[in-house]
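In this note's numbering, the protein residues as written are 633 to 1168.
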């Protein structure tokens, strides 16, 4: 079976990339030799996903074929129309299902909450990958996965996981994960959504610089300056095409030129097709659309996955209509705050390395970015930072925790930081912590759900500006909710219902997962910091 044009394009990209790399850089990720379920299985992949053989579409793309895909497909084409043929039995005979990560962990109830969460890292840690015929992209060092259905590393999850690893005394594992991310950047030019072949068309919120800074907090810049080339290469990925932008062509991939000629970033995906891990869901959502409309829909669905907020009315033109998703038309306040942090980190490390000209260049880029963030995202009426819809030159109407990123990275002035408190108390503060939005839509990144990373960014956004009272209130609500659910279930969850503490979180394309990397990390760090504060 022939590979698709997309696979060929990937190979050409990698050949060119490797040709430009120094000889001592890792270059053993051969995407062309990797297993890509949607491409290698063709009609079998389509039939399995549309028949809903598994309740979770991700199960099949994570299942390992027991022999070469070409042999499996040939047998399928020969037998599929024969009397008595069972597609489910055929799949079971030819593929090995993945096991949920961390599902075998049984907590020792004689231990403290902190001890249990610290112990759980061992159940969420994967050893270095050996090359195998699998959709997994092998990584050379140990890494922590979120848990449950998520048995691979995830980009932005890892920052919040590392918060807990640091206070658990596992800086060795933090450094392993940073080295894995640097390896991915060196090998394929960016950090994919996760280390799976079906994620090779998108990234996730660029937290790599924040991870580097987290390690630098304890080990200093001398220990992290080695990541400077990877940081610069990641920056080049996010800024690709900026020199081609003009008034007639204001957007390309992840860059958008705004009115004053400067550039900000959006989320994107380079492959306008149904997501392999949610194939049936995407195909069914696109029913009745023209081919051009399908391309737009698939691109915007995938771009929302790059944002990590998959899915939320934050990305919809009409709040209740999933088909009106317009992620690529939105300049996100959180993404551009992360890009500011990336520019600032590169500037600092260049100065540390003695590259004064490079440091000055990136300092100016960060300064320009800060001006744009304050100009385009601050809303005087709402007293909050909101997203910006660039085609209509209008701010979005949603107050979400994404608006706390400018505080977390020190972009707001003191007056803005004070005003933000009122907006958070009115719109986001709930009995269990901070809600994601105020809209109950059935999407998992909307009410009533709260997520660990958004609690962290909000709590420490306020702490940065000295508002410890509100930060403590949010922290206490979140810790109490996590503890209550753990006492009831023995599990840490991916997300929580912060509106009705008697109910579980819900919404989205799959059941709520337990594990769970970033929930563990944030709770461990909050408990650690709470003990420090109480000892003062």
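Glycine included, every Cβ here is placed at the ideal spot set by N, Cα and C. As the structure is a prediction and not an experimental result, all values here were calculated from the model.
Starting from the C-beta of residue i, find all residues in its chain whose C-beta is less than 7 Å away, skip the five residues before and the five after it, and write them out in chain order.
| i | result |
| --- | --- |
| residue 1160 | 799 |
| residue 1073 | 945, 951, 952 |
| residue 688 | 781, 1142 |
| residue 625 | Residue 625 is absent from the model: the chain starts at 633 and stops at 1168. |
| residue 938 | 825, 834, 835, 836, 899, 900, 901 |
| residue 693 | 669, 767, 830, 908, 909 |
| residue 705 | 633, 673, 674, 676 |
| residue 1136 | 1129, 1144 |
| residue 695 | 727, 728, 729, 730 |
State the Cα-Cα distance for the pair residue i and residue j, rounded to the nearest angstrom.
| i | j | result |
| --- | --- | --- |
| residue 1120 | residue 1126 | 15 Å |
| residue 870 | residue 742 | 48 Å |
| residue 771 | residue 816 | 8 Å |
| residue 1149 | residue 713 | 44 Å |
| residue 659 | residue 818 | Legend: pLDDT at residue 659 = 42, less than 50; position of this residue unreliable, no value from coordinates given. |
| residue 664 | residue 738 | Here residue 664 scores only 48 on pLDDT, less than 50, and its place in the model should not be relied on; the value that follows carries that caveat. About 40 Å. |
| residue 897 | residue 970 | 10 Å |
| residue 1144 | residue 1050 | 35 Å |
| residue 748 | residue 774 | 21 Å |
| residue 1044 | residue 703 | 59 Å |
| residue 905 | residue 1091 | 38 Å |
| residue 838 | residue 967 | 7 Å |
| residue 1114 | residue 1133 | 10 Å |
| residue 717 | residue 680 | 13 Å |
| residue 994 | residue 882 | 23 Å |
| residue 750 | residue 989 | 43 Å |
| residue 1167 | residue 873 | Reliability fails at residue 1167, whose pLDDT of 44 lies under 50, so the model's placement of it is uncertain and the value that follows must be treated cautiously. If I take the Cα positions, the gap works out to 51 Å. |
| residue 1083 | residue 879 | 38 Å |
| residue 1029 | residue 1018 | 7 Å |
| residue 709 | residue 790 | 41 Å |
| residue 1005 | residue 849 | 26 Å |
| residue 914 | residue 930 | 7 Å |
| residue 959 | residue 740 | 44 Å |
| residue 725 | residue 698 | 8 Å |
| residue 795 | residue 940 | 18 Å |
| residue 1003 | residue 1010 | 11 Å |
Can the beta-carbon of residue i be found less than 8 Å from the beta-carbon of residue j?
| i | j | result |
| --- | --- | --- |
| residue 1153 | residue 797 | yes |
| residue 834 | residue 845 | no |
| residue 1022 | residue 888 | yes |
| residue 912 | residue 900 | no |
| residue 1102 | residue 1053 | yes |
| residue 962 | residue 948 | no |
| residue 1039 | residue 1097 | yes |
| residue 811 | residue 984 | no |
| residue 776 | residue 757 | yes |
| residue 1085 | residue 1131 | no |
| residue 1107 | residue 1156 | no |
| residue 821 | residue 865 | yes |
| residue 1128 | residue 1064 | yes |
| residue 1071 | residue 1087 | no |
Looking only at its chain, what residues have a beta carbon closer than 6 Å to the beta carbon of residue i, apart from the 5 residues adjacent to it on each side?
| i | result |
| --- | --- |
| residue 666 | 829 |
| residue 685 | 720, 723 |
| residue 1076 | 1139, 1140 |
| residue 672 | 701 |
| residue 964 | 1019 |
| residue 918 | 926, 929 |
Taking the DSSP output, what are the residues bridged to residue i?
| i | result |
| --- | --- |
| residue 1100 | Per DSSP, none; premise fails for residue 1100. |
| residue 887 | 884, 897 |
| residue 1080 | Paired residue(s): none; residue 1080 is not in a bridge. |
| residue 1011 | 1016 |
| residue 754 | Partner(s): none; residue 754 has no beta bridge. |
| residue 714 | According to DSSP, which records beta bridges pairwise, residue 714 is partnered with nothing at all. |
| residue 878 | 881 |
| residue 1026 | 1021 |
| residue 826 | 786 |
| residue 776 | 757 |
| residue 1066 | 1061 |
| residue 697 | 727 |
| residue 1161 | None, per the DSSP bridge assignment. |
Closer than 7 Å: is that where the CB of residue i sits relative to any heavy atom of the ligand HEM?
| i | result |
| --- | --- |
| residue 1111 | The ligand HEM is absent from the structure shown, which contains no ligand whatsoever. |
Leaving aside the five residues before and after residue i along the sequence, list all residues of the same chain whose C-beta is less than 8 Å from its C-beta, in chain order.
| i | result |
| --- | --- |
| residue 863 | 840, 841, 844, 974, 977, 978, 981 |
| residue 1163 | none |
| residue 877 | 883, 884, 887, 888, 889, 895 |
| residue 690 | 781, 909, 910, 1142 |
| residue 656 | Residue placement at residue 656 is flagged as unreliable, the pLDDT there being 36, under the threshold of 50; a coordinate-derived value is accordingly withheld. |
| residue 806 | 794, 797, 798, 843, 846, 847 |
Cβ pair count under 8 Å reaching 3, the stretch 773-781 against the stretch 724-733
Enough Cβ pairs lie closer than 8 Å, so yes.
May I ask you to verify whether the stretch 1055-1062 touches the stretch 922-940, counting CB pairs closer than 8 Å and requiring at least 3?
Segment contact: the stretch 1055-1062 against the stretch 922-940, fewer than three CB-CB distances shorter than 8 Å; contact not assigned.
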